[in-house]
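**Student:** So the protein lines, in turn, are chains H and Y. This note's numbering numbers the first residue of the first sequence as 154 and each following residue consecutively. This note's numbering numbers the first residue of the second sequence as -16 and each following residue consecutively. The C-beta atom is built at its ideal place from N, Cα and C for all residues, glycine as well. These numbers come from a predicted model, not from an experiment. Next up is a structure, given as structure tokens.
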Amino acid sequence: MIMLVILLPILTGILIPLIPFKKRKHMEIFLESLVIVNSLFVWYLMFHHTESIFTLANFTGNLSISFKMDGMSMIFGGLVSALWPLATLYAFEYMTKEEHEKVFFLFYTMTYGVALGISMAANLLTMYFFYELLTLVTVPLVMHTLTREAILASRKYLYYSLGGAAFAFIGLIFVIIYGNTTNFVYGGVLDLEKIGGRTNVLLLVYVIAFMGFGVKAAVCPFNSWLPAAGVAPTPVTALLHAVAVVKSGAFAIIRLTYYSFGTEFLKGTWAQNVVMAVVMFTIVYGCSRALKETHFKRRLAYSTVSNLSYILFGVTIMTPAGLVGAFSHLVFHALMKIASFFCAGAVMYQTDRQYVHELDGMGYKMPCVFGIFTLSSLALMGVPGLPGFISKWNLALAAVESGNSLAYWGIACLLLSALLTAIYMLTVVVRAFFPDKEFDRSLLDGIKDPGWKMLVPLFLFSIAIVAFGLHSVNLVKFFDSVAMGMK
Amino acid sequence: MQYMILSVFFPVLAGVYLLIKKERGNRKYLLVSTGAFLVITAILVVLALCLGREGMFTLFSLTERLPILFKIDEISVVFSVLAVLIFLCAGFFSFEYMKQEKWEKKYYGFYLIILGVLLALCFAGNLITFYLFFELLTLSSFPLVLHERSKEAVMSGLKYLFYSLCGAYMALFGLYFVERYGNTLTFSAGGVISDQAVSNHMGVLLLVAFLMIMGFSVKAGMFPMHAWLPSAHPVAPAPASAVLSAVIVKAGVLAIVRVVYFVFGASFLRGSWVQTVWLTLSLFTVFMGSLLAYREPVLKKRLAYSTVSQISYILFGLAVMEREAFTGSMLHVLAHGLIKAALFLCAGAIIFKTGKTRVEELRGIGKEMPVLMICYTFVSLGLIGIPPTGGFISKWYLAKGALTSAIPVFYWLGPVILLVSALLTAGYLLPVTIQGFFPGEDYDYGALQKKEPSFFMIFPVLILTILSVVIGLLPEGVIGYLSQIIEKIV
């Protein structure tokens, strides 16, 4: 069953160019139904999974490609499978303006399977394998428009990701050598006897592997690929570069920290301080760059840089409570950011406007889009009653409870970043709804909200944002049980 | 209980309705419905205060430990009555004043939402509820600031927004620690911090208390985070300036009352460095605000600087942490609210009728609008603190409280600065009256026209003036009412 959900999207993707669809509509129906079916399978699996490990291939010794559904897979897999059908629907409308649609959907759908593969990998090697695969299938998506800018961006993306993976590989090797097993076990697998006096070497390796996986999670100083990759079509930037790809980086780091090295080994060491400091710096850095950026999508991309580090901040607190904070932001940020990216995409699609200063008065012409954008902005800055507040609350409480004085500064970084977030998001909202007195409204004639394929996902996201903001108790309880190692 | 919730939700929903309703250009309908909404809200509040006093009401829970909770106590009553009174008067005033402005529907929409959010702030029963509505207050009130959409208005609107959010986040920082070291987040007289935490984490807790006070006092315009106030309040339409300056800044005061007396507890902060710094900053702000107001030629800006100074009177009284000073603060909340609303409405009426904004242009204004300017004079006297007006009583209590307290240096420095500032207040308010009624020999009486504003404008000003005088004549009722709660918290 696990193999099915991973392979189905990959095969579907490959089939798309092969099947001669008569009309575009047929392809849409074919693709959408398969993606939905696959998501249903994933959700079925989540509720009826077994503890057993499914091994696909066994290499020498303890190296194998194997899969397992545990609590963390459920969080990431569930998130990805909930968002994918909606993003695909959105892409149908968005891509009518782009060329080479089939190639696009080929890779777009394959990515779904690969992302699920990462989420359900049962050991480091499998995760690493899919992690590399993810880079390879998403490069063509970045390159899609084939402009010079896009090609440069995709090349940058490729080099950064491969380089990061190489560093992560070092971590993999050390875990294989010094661990009891390469499987993910909550609490870590390192064998202290084997390590002996080489603690510092292993800590160094942890930092290296952290930074390696951190490339995908856009940790400073390896973040510049992410804003550059914003040249890709919006469904890619929204789903892959705000959720699937970047969060697989964060996901890998959680696996590395909690399931391979183990927090007991890392907590209180210099390695923890180093990664936490890097993450805190990224939080502030990302926001300040977003503030300076005037390109709408790139601004959101920088915001992603900062928000991903919120997740990693939770990870580096290295307590179960911190992990709960990380999980909540992993899920909630996905919803908020995909909604705001889709709004930006809708604006680009309808008007070809890309810069923030071109958005004056648009709130009147596209009330739905900018209404939802406002909602997601408020959620991102953490107004209570919306999900951003909950995840920030969990993160900050974890930091307070940990008693780590560096983590106290982390809270300050979070709040500073929240203020900057308010500035860079709300200036857009104010422009859209409160244009200047002398503003000439006739400039906006003919602009209107996009079609239902774009609006339906947006509305669903906004409903989810409000729902999670008001009622997240059950979800957080589930996160709690995962973070305590019970699922 | 149900009235409590209704009085919060009704104006918010009514405001949202006005915002999303299609523009029909039927001004009369808009005014009638807004007026009706305001009156209904007032009735609901009165009902809530009379009938729904008992118990707490949990609306829902954000997380297991974070209920959205409402509760009414004596402090809520004082603030909510003030809010409703001023919103009614300024709303009535707007019906005439906003004729000249665009986007009226938006204005009334946000106006109603703000009222609802303010009432929620008054009724909030715990820190998280308070924080929620504090943020919403900022978000719903900045559209009033940038209402006129000039470049200046938009910039000040954003400035207001970001200053306030910055303050809110400082407070949020503290909230995390209170959640960790407090027994509960529910406001309870005397504080909620657990004794164990007090002995073990004194340093952190004091820092956190300081951050929360500083954060919330951004809204109250205390130095060094006051800069938004003099630029944001004057650019709004006059009735909006009135509610901003008279009520919305009081949300910051209410926040500090809650944080200091209901979360940390006065006994925890008394005598600490936090109190000293706070006293210093508030006194400095009192003086600085008056001085800047004295030098300011534009009337509305002058009034805004005056707010900076006057709110810090209140903060000073809170920082002394003695009974009489606290009483003085509460009285000054009422007195300043009524007076400042009246002053801004006067300034608005002058602008509406004559278009004059600078003080030196106002020669002979008293001859043109005698009733309005008599009201102006009365409330000015009140703000200066001349008996028997409201301002006198409150300042009397403030000074007395400071003098009887045992805080070194401040027990005499406080009253001295209050007096100097009162002198400056006279200096910046009375010239308008003097020049207005006694324009001098060279004034051209021939060109004099009667420009008395209409009933819609005069009436609210008159009401506010009378109330501000009444409060000075009969303060015993308020003091007696407040004494119960004051005994518990100080």
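Mark Cys33(Y) as exposed unless 16 or more other C-beta atoms lie within 10 angstroms of its C-beta, in which case mark it buried.
**Tutor:** Label assigned to Cys33(Y): exposed.
**Student:** Is the separation between the beta-carbon of Asn276(H) and that of Asn336(H) shorter than 8 Å?
**Tutor:** Closer than 8 Å, so yes.
**Student:** For Pro537(H), go through chain Y and note every residue whose CB falls closer than 7 Å to its CB, in chain order.
**Tutor:** By Cβ distance, chain Y contributes Leu45, Ile111, Tyr114, Leu115, Glu118.
**Student:** In chain H, which residues lie less than 7 Å from Ser133(Y) when you measure between Cβ atoms?
**Tutor:** What Ser133(Y) touches in chain H: Lys590.
**Student:** Run through DSSP, which three-state label would Tyr508(H) get?
**Tutor:** Correct three-state label for Tyr508(H): strand.
**Student:** Note down, in chain order, every chain H residue with its Cβ under 7 Å from the Cβ of Tyr159(Y).
**Tutor:** What Tyr159(Y) touches in chain H: Ala549, Leu550, Val553, Ile564.
**Student:** Can you list, in chain order, the residues of its chain whose CB lies under 6 Å from that of Ser388(Y), leaving out five sequence neighbours each side?
**Tutor:** Counting only Cβ-Cβ distances below 6 Å, and skipping sequence neighbours, we find Val303, Glu305, Tyr394.
**Student:** Give me whichever residues DSSP pairs with Leu52(Y) in a beta bridge.
**Tutor:** Paired residues: Thr41(Y).
**Student:** Under 8 Å, Cβ to Cβ, is there at least one residue of chain H near Val137(Y)?
**Tutor:** By this cut-off, Val137(Y) is an interface position.
**Student:** Spatial neighbours of Val354(Y) within its chain, please: C-beta separation below 7 Å, excluding the five flanking residues on both sides.
**Tutor:** Excluding sequence neighbours, Val354(Y) sits near Glu435, Ile441.
**Student:** Out of Asp602(H), Leu160(H), Tyr463(H), Tyr247(H), state which residue places its alpha-carbon closest to the alpha-carbon of Phe404(H).
**Tutor:** When each option's Cα is compared against that of Phe404(H), the closest is Tyr463(H).
**Student:** Tell me, to the nearest whole angstrom, how far the beta carbon of Pro588(H) is from that of Gly514(H); I am working on the premise that it is less than 8 Å.
**Tutor:** The Cβ separation is near 4 Å, so the contact holds.
**Student:** Would Ser625(H) count as contacting chain Y if we go by Cβ distances under 8 Å?
**Tutor:** With 8 Å as the cut-off, Ser625(H) counts as an interface residue toward chain Y.
**Student:** Could you work out which residues of chain H lie near Cys149(Y), taking near to mean beta carbons separated by less than 7 Å?
**Tutor:** Correct list: Leu572.
**Student:** What are the start and end residues of the alpha helix (DSSP H) that includes Thr290(Y)?
**Tutor:** 282 to 303 is the span of the alpha helix (DSSP H), which, as asked, contains Thr290(Y).
**Student:** Where does Gly349(H) land, buried or exposed, given buried means 16+ other C-beta within 10 angstroms?
**Tutor:** Gly349(H) is exposed by the Cβ-count criterion.
**Student:** Could you name the residues of chain Y that Leu568(H) contacts, counting a contact when the two beta carbons are closer than 8 Å?
**Tutor:** Within 8 Å Cβ-Cβ: Tyr152, Met153, Leu155, Phe156.
**Student:** Pull up the distance between the alpha-carbon of Thr310(Y) and that of Thr340(Y), whole angstroms please.
**Tutor:** So the two alpha carbons sit approximately 36 Å from each other.
**Student:** Any idea if Asp223(H) is buried or exposed, counting beta-carbon neighbours within 10 angstroms, 16 or more meaning buried?
**Tutor:** Asp223(H) is buried by the Cβ-count criterion.
**Student:** Does DSSP put Ala107(Y) in a helix, in a strand, or in coil?
**Tutor:** The answer is strand: DSSP assigns Ala107(Y) an E or B state.
**Student:** One question on the structure: do Gly320(Y) and Leu65(Y) come within less than 8 Å of each other, judged by their Cβ atoms?
**Tutor:** Yes, Cβ-Cβ distance for Gly320(Y) and Leu65(Y) is below 8 Å.
**Student:** Is Phe592(H) helix, strand or coil by DSSP?
**Tutor:** Coil, per DSSP.
**Student:** From Met352(Y) to Thr290(Y), what does the alpha carbon distance come to, in whole angstroms?
**Tutor:** Approximately 25 Å, taken between the alpha carbons.
**Student:** Closest to Met197(Y) by C-alpha separation, out of Ser171(Y), Tyr159(Y), Ala238(Y), would be which residue?
**Tutor:** Closest option to Met197(Y), Cα to Cα, is Ala238(Y).
**Student:** What's the gap between the Cα of Val358(H) and the Cα of Gly324(H)?
**Tutor:** C-alpha separation (whole angstroms): 6 Å.
**Student:** Counting contacts by CB-CB distance shorter than 8 Å, is Thr580(H) in contact with chain Y?
**Tutor:** Judged by the 8 Å Cβ criterion, Thr580(H) is in contact with chain Y.
**Student:** Is the Cβ of Glu162(Y) closer than 8 Å to any Cβ of chain H?
**Tutor:** Chain H contact via Cβ: present.
**Student:** Fully enclosed by the region 332 to 412 of chain Y, which alpha helix (DSSP H) runs are 4 residues long or longer?
**Tutor:** Complete alpha helix (DSSP H) runs here, min 4: 348 to 351, 353 to 367, 373 to 387.
**Student:** Looking only at its chain, what residues have a beta carbon closer than 7 Å to the beta carbon of Met637(H), apart from the 5 residues adjacent to it on each side?
**Tutor:** Same-chain partners within the cutoff: Pro473.
**Student:** State buried or exposed for Lys88(Y), treating a residue as buried only when at least 16 other CB atoms are found within 10 Å of its CB.
**Tutor:** Lys88(Y) is buried by the Cβ-count criterion.
**Student:** Which residue's Cα is closest to the Cα of Gly166(H): Thr291(H), Thr203(H), Gly230(H), Leu239(H)?
**Tutor:** Of Thr291(H), Thr203(H), Gly230(H), Leu239(H), the residue nearest in Cα terms is Thr291(H).
**Student:** Considering only C-alpha positions, which residue in the set Gly535(H), Arg594(H), Gly556(H), Leu355(H) is nearest to Asn490(Y)?
**Tutor:** Within the shown structure, residues of chain Y are numbered from -16 to 473, placing residue 490(Y) beyond reach of any answer.
**Student:** For a test of the three-state rule: what should DSSP assign to Thr469(H), helix, strand or coil?
**Tutor:** Looking at Thr469(H) - three-state DSSP - the assignment turns out to be helix.
**Student:** Does the Cβ of Val15(Y) have 16 or more other Cβ atoms within 10 Å, making it buried, or fewer, making it exposed?
**Tutor:** The residue in question, Val15(Y), is exposed, as its Cβ has fewer than 16 Cβ neighbours within 10 Å.
**Student:** If I measure Cβ to Cβ from Val427(H) and keep anything under 8 Å in the same chain, skipping five residues before and after, which residues do I get?
**Tutor:** For Val427(H), where only same-chain residues beyond five positions count, the Cβ hits under 8 Å are Val360.
**Student:** Run down chain H in chain order and give the residues with a C-beta less than 9 Å from the C-beta of Phe145(Y).
**Tutor:** Residues of chain H passing the Cβ test: Leu572, Ala575, Ile576, Leu579.
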